[in-house]
Structure formats: structure tokens, C-alpha cells
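Chains as they are written, first to last, in the working numbering: chain A, 1 to 252; chain B, 1001 to 1303.
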């Protein structure tokens, strides 16, 4: 279904863009800030290996665009190894709550140079403005936070820096959101801010869902609701696989 | 090729998991050990959450041990009588071990105990095996079959329920295999592994079983404890990923068959040498990790 929707959406947008180019005069007044996602539900099956969805939006000619994408929140623990009697056995644990498991941010090219701190804060743009906090605060909290962010960046779950929102023309923009294979399931928020002269002129939020489907979803549901039976079945499958291998080898 | 795991909720490389399966299966076939002490860290290294790695491990152990058990049964390499007594002991030990595990967890010392147990147990067992191998190498021709076993100690000889174990050609108290199984069972619950690397040397040196019969008998016992813990993990911790398990099993059953074939061509002493080297090596590696500062001071854990 989704695969059919994407080209259809492209065709629609292209038609729209061409039409607008023909009657470019007075476009600014008629272009109200808005955007759409190519998908509102990403399905994870056994062969899932990451996915890229796109955002298409319209903007008045003079405005710039800022976008953030946040994934489901999780509790993340950062452990620092500690020496006890000369042996590396101990650890100091700092627990971060409500950490978005996925965070990437996007800006139009004209904002690369003049992005004010005020604007960043208001649109919670950039890793510093994510509002990450730990339960048990120690003096070196920043180091723990940095270690956590570095790990998430390594897994391509967090952006290293702002990604580009490309302009199709003066009024249309497009951005690609890449979801890596290690993505977790849940609701993702896409926030877009339209910026005029350094101030936020408009804001819209849309969401998409990442979920397991088919066999994966069935296995997950069964394992969580019926653990004992699932365990018995898992055990029987394992034992049967072991016995079956003997038969195969015997025949050869 | 990447495959998405429904319980671990992440995608892993099929080839990498398959390779781990083959390695572990091979070791299980040759030495009669589960190989959990190797595969759990390897899975965690691939990014599988530790809890899922430990839970899924048990389903793979059930498969490889059942495959190895039958392969050994066909060759007549199992002492079912000793094995059954060990299983009885290990179930008792498992229960006590789970109790100790919870006690240590409440005291907040479980990680320390696990790390030290690994280093000391692996170290002591590995060194003892190496020592024995060298000794028997030098004495092999002169005094074959005149080894001293712990079971010959007057205390163990005085234990009741003396039984003949015709398969292993041993005459000892029926309590001895139960004791070995019991102690192994405690360690299995605390350390979260199959325990083959502890049981195998114990069977050779403590019970004095012929090396030929040890892998099969050990696998017979692991088959039960792994199946038991697979169901327990799935019921209480929801951490058995059957897709990951099946991938490991694919590699595992293949590796086991290679291992059993290899084992029939390797002399008992050589196999013991290899296992002794490996156990000592892992123990040194773990000890080194305790002494040297870790490469990454900070570890990020996302449950």
C-alpha cells in the first residue's frame, strides 16, 4: 500500500509545483505553511534494514524552515567503570529518563550561518536543547550525557549536526528522514517551524508510527502475553531442530 | 543479510549470528560444553541486549545439546546412569542458586561475584587441567591408567549408597554424581551459563569418568538444565528471541556435527589440552580486564 502511495504523492506534488510556477505572481500570499509525510506508518518485518521516508512542505518565499524528528522516549543508563581495591569491578550509574531514542534535526541552507540561540531553544533544536536530565545528578553529569549521545550517534539514531532541508523551489521544500535498522518501535514526532526574520512564524506537528507487523508482531505479542507457552514452544522448536539435524546427517 | 529480531527489537547480521552458532556448536561437539561463556559476550558485542542474549542462549543450548546428545548416544558414549543422578542434583542446585542469586542482587553485589567467580573458577580449572595434561604426557607410557582421583579420597569412599556404574567402570557412592550436579547447578543459576566448562573437568577429575564418556554425559545434563531455563526465562523475563534462537541453532547444529566428527579423531588427551588452554586463556583475558583500565570508561545501557 505504502509503496503505491509514494509515487502518487510525488506526482501530486510535482503537479502542484508546476502549476504554482506558472502562476508565480502573488504566490507568497496564497502559500500557507503546511507539510506532509510520505508515510504515517512504517512497518517492520523480518527483512527490515532501515527505511527512509520524506517530508514535503510548502512555505512562503521569504521564510526559512527548521524541522526536528523525535523517537519514542526510553530510560538510558550510563555506567562509568570504577576501581575497587585496584580492580575494575565497581561502577557509577547515572540514569537518564525520558530520553528520545531517535533525534535528528534539519534546517534550510540559509539558516546555516544565522541560527540564533533563542530560536534553537524555542524549537528544541540541537542536542543541547533536548532537555536531557539525569535522576541522580553528579558533578560530571555532562560527561555521562556526552557518552550517551556519542553512543546514539554511533548507531545513527542521533544526528551529528543539522541535516539539510532541500528547496524544490522558492515555495516547496523536501527532507529525507533516514531510520536506521536499530530503530525502536513507537510514535515519532515531526515538528516543523517556519521562521521569518529569526522569529518563529508558524509551527506544525505531525506523527508517524513505527511498528512490527506480520510474523514479527505475532511473535512479540505471543511472547509478551503468553510467556510460559511461548517458552515451551521455543524449547520444543529447539529440541526438534537438534533432533532433525541428526536425521539429515544420518541420511547423508 | 540483516534480519530484524522481534523480541530484541533490533536487526542483526544473519552471517555473524550463524558464525557464532557454528563456533559454539563445534565446541559443544568436541568438548561437550555449551559454550555459553563465549557466545553470550559475542552476542552482546553484536548489540543484542544482555538480557535477550542470556535468555536466547538457553534455547540454543537446548538445540545443540540435544543434537550432540543423540550423536553421542548413537556412538554409545553416554553414561545414562551417572547423567540421570547429575540431573537430579543439578535441579536441586538450580533452585538454591536462584535463591542465592536474588540475595546477592538485593545486596547489590551480584556483578562483583559473577566477575570474580568467572576469573577464579576458569583460572583454577584451566590450570588444573593443564597441569594434569602435562603430568599424564610425561607419565603416559610408564603408568597408564593409574591416575589418582578425588573420588578415591577416604571421605568420598566412606559415603553410602555404593553403586556400580558399569558403563564408566566405576564403583562409587551414588551421592557423588548428585553432589557434582548440585554444585554445578548452583553455579549455573548464579553465573547464567550452561556450566559445561565446570561439569566436564569435575566429571573427569572428581568422578574419574573415562574421557570418552564425558562430553555425551555432560550434554545429557545440559539438555535438561537448558530446556528448564529456556521456559523459565520466557515465562518470567520475556527475553527469549526465537528468531535469534533459530539462527543460532542453524549454525549450532551444523557445528555440533563437525565437532562430533572431529572429536572421534582427536585423542582424549589432545582434546583436554585444547579445552584447558581455552579455559585458561579466557580466564586470563577476564583477569586482564579487571586489572587494566577499560577501553571505554563509559558504557551506555538501553534496556
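Heads up, the beta-carbon is just placed ideally off N, CA and C, and yes, glycines get one too.
Closest by C-alpha distance to residue 46 of chain A, out of B:1281, B:1065, B:1244 and B:1295, is B:1244. Taking residue 217 of chain A as reference, the option from A:150, A:236 and A:185 with the minimal CA-CA separation is A:185. In this structure, residue 1230 of chain B keeps its C-beta atom at 9 Å or more from the C-beta atom of residue 242 of chain A. A contact between stretches requires three or more CB pairs, one per stretch, nearer than 8 Å, and the stretch 1269–1279 of chain B fails this requirement with the stretch 1043–1058 of chain B. Here the C-alpha atom of residue 34 of chain A lies approximately 21 Å from the C-alpha atom of residue 162 of chain A. Among the residues facing chain B, residue 144 of chain A is included, as its CB has a counterpart in that chain under 9 Å away.
About 6 Å separates the beta carbons of residue 1017 of chain B and residue 1248 of chain B, which is inside the 8 Å limit, making them a contact pair. Annotation for residue 1049 of chain B: no alpha helix (DSSP H) segment contains it, and DSSP assigns it neither H nor E. Here residue 134 of chain A is not near residue 79 of chain A, since their CB atoms are 9 Å or more apart.
In this structure, B:1177 is the residue among B:1197, B:1177, B:1300 and B:1294 with its C-alpha nearest to the C-alpha of residue 1209 of chain B.
Straight through space, the alpha carbons of residue 1301 of chain B and residue 74 of chain A are spaced by roughly 11 Å. Against chain B, the beta carbon of residue 231 of chain A has neighbours under 8 Å at 1230, 1231, 1232, 1233, 1234, 1235 and 1240, listed in chain order. Straight-line spacing of the CA atoms in residue 200 of chain A and residue 69 of chain A works out to 17 Å. Here the alpha carbons of residue 1189 of chain B and residue 1042 of chain B stand approximately 20 Å from one another.
Closest by C-alpha distance to residue 206 of chain A, out of A:114, A:236, A:195 and A:67, is A:67. Listed in chain order, the non-local C-beta contacts of residue 1063 of chain B below 7 Å within the same chain comprise 1249, 1252 and 1253, local neighbours out to five positions each way being set aside. A Cβ-Cβ separation of about 7 Å places residue 53 of chain A in contact with residue 42 of chain A under the 8 Å criterion. Boundaries cannot be given for residue 1209 of chain B, as no alpha helix (DSSP H) includes it and DSSP labels it neither H nor E. Of all residues in the stretch 1024–1041 of chain B, none places a beta-carbon less than 7 Å from a beta-carbon of chain A. Secondary structure note for residue 1178 of chain B: it is in no beta strand (DSSP E), and the uninterrupted alpha helix (DSSP H) holding it is 1175–1191. Nearest in C-alpha terms to residue 1133 of chain B, of all of B:1292, B:1270, B:1284 and B:1084, is B:1270. With respect to residue 182 of chain A, residue 1238 of chain B sits apart: the two C-beta atoms are not nearer than 9 Å. The residue from B:1127, B:1019, B:1220 and B:1124 with its alpha-carbon nearest to that of residue 1061 of chain B is B:1220. CA-CA distance, residue 1164 of chain B to residue 1198 of chain B, rounds to 24 Å.
Exposure of residue 150 of chain A is indicated by the presence of fewer than 16 other C-beta atoms within 10 angstroms of its C-beta.
A Cβ-Cβ distance of about 7 Å is found for the pair residue 103 of chain A and residue 159 of chain A, placing them in contact under the 8 Å criterion. Taking C-beta separations shorter than 6 Å and ignoring five residues to either side along the sequence, the partners of residue 211 of chain A in its chain run 185, following chain order.
Counting of Cβ neighbours within 10 angstroms places residue 115 of chain A among the buried residues, the total reaching 16 or more.
Membership of residue 1102 of chain B in the alpha helix (DSSP H) is indicated by the continuous run 1080–1107. Burial is judged here by how many other beta carbons sit within 10 angstroms of a residue's own beta carbon; residue 214 of chain A has fewer than 16 and is exposed. Shown in chain order are the members of the stretch 201–233 of chain A whose Cβ falls below 7 Å from a Cβ of chain B: 212, 216, 219, 220, 223, 224, 227, 228, 230, 231 and 232. Taking the CA atoms as reference points, residue 136 of chain A sits about 20 Å from residue 1107 of chain B. For residue 74 of chain A, the beta-bridge partners assigned by DSSP are A:99. Taking C-alpha positions only, residue 1284 of chain B is separated from residue 1130 of chain B by approximately 14 Å. In its chain, beyond the 5 residues on either side, 69, 70, 71, 102, 207, 208 and 210 have a beta carbon closer than 7 Å to the beta carbon of residue 188 of chain A. Only residues of its own chain outside the window of five on either side were considered, and among them 64 have a CB closer than 6 Å to the CB of residue 110 of chain A, listed in chain order.
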